[in-house]
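>
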Amino acid sequence: MSCKVVVTFRGNKVEIPLEHHDSFVSVGQVKTRVAEEAAGSFKPREITLIFKGKKLEDDTARLADVLLRDGKAKATYHLMATGVSQIESHQADEEYRESQRKNKILVRDD
Numbered sequence: 000m001s002c003k004v005v006v007t008f009r010g011n012k013v014e015i016p017l018e019h020h021d022s023f024v025s026v027g028q029v030k031t032r033v034a035e036e037a038a039g040s041f042k043p044r045e046i047t048l049i050f051k052g053k054k055l056e057d058d059t060a061r062l063a064d065v066l067l068r069d070g071k072a073k074a075t076y077h078l079m080a081t082g083v084s085q086i087e088s089h090q091a092d093e094e095y096r097e098s099q100r101k102n103k104i105l106v107r108d109d
C-alpha cells in the first residue's frame, strides 16, 4: 500500500510519498525532511510534529506505527509541524528582557 504524508509547516505543505517499503521511516526522518524544505532555517530538533492533536516526541518511532495506531489505513495523512528557530528564540528572549527592563523603569518608586 502506498500513501502520502502531508506536513503543514508555517503555511507551506511538504508532501512525503510513502511506499510499502518505506515502513521504517522514522518521525525524526520526517522532521529532517521538513527542515530541508524550510531552506535550512530550522534544525530537525527545533521542529515538533503533531498528529491528531498529539506531539510526536519519539524521533525513533516508526511513522507507520504512529499513523496506524487506530488501525485504519488512509491514502493521505495530515500532520502539523511547529518550530521556533534558535534565531527566533534568541529574538524573543531579547524582547522579553527589554520589556522587563522597561517595566522596572516604569514601576520604580524613588
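Residue numbers are given in numbering that gives the first Met the number 0: position 49 of the sequence shown equals residue 48, and the series is strictly consecutive. Glycine included, each C-beta is placed from N, C-alpha and C at the ideal position.
In angstroms, rounded to a whole number, what distance separates the CA positions of Lys54 and Leu78?
Using only the alpha carbons, I get a separation of about 10 angstroms.
> Once you ignore the five residues that flank Gly82 on each side, which residues in its own chain have a CB closer than 6 angstroms to its CB?
If we look at Gly82 and ignore the five residues flanking it on each side, its Cβ neighbours are Phe41, Glu45 and Ile46.
> On the criterion of 16 or more Cβ atoms from any shown chain inside 10 Å, does Phe8 qualify as buried, or is it exposed?
So Phe8 ends up on the buried side.
> Tell me the residue span of the beta strand (DSSP E) that contains Thr59.
Here Thr59 belongs to no beta strand (DSSP E), and DSSP marks it neither H nor E.
> If you check the beta carbons only, do Val29 and Val4 fall under 8 angstroms apart?
In this structure, Val4 lies closer than 8 angstroms to Val29 by Cβ.
> Considering only the beta carbon of each residue, do Cys2 and Lys51 sit closer than 8 angstroms?
Result no, Cβ atoms of Cys2 and Lys51 do not sit closer than 8 angstroms.
> Using only alpha-carbon positions, find the residue among Asn102, Thr75, Ser25 and Arg68 that is nearest to Arg61.
That would be Ser25, whose Cα lies nearest to the Cα of Arg61.
> Alpha carbon to alpha carbon, what distance is there between Ala37 and Pro16?
Distance between the alpha carbons of Pro16 and Ala37 is about 18 angstroms.
> Exposed or buried, which one is Tyr95 when buried takes at least 16 other CB atoms within 10 Å?
By the neighbour-count rule (16 or more Cβ atoms within 10 Å), Tyr95 is not buried but exposed.
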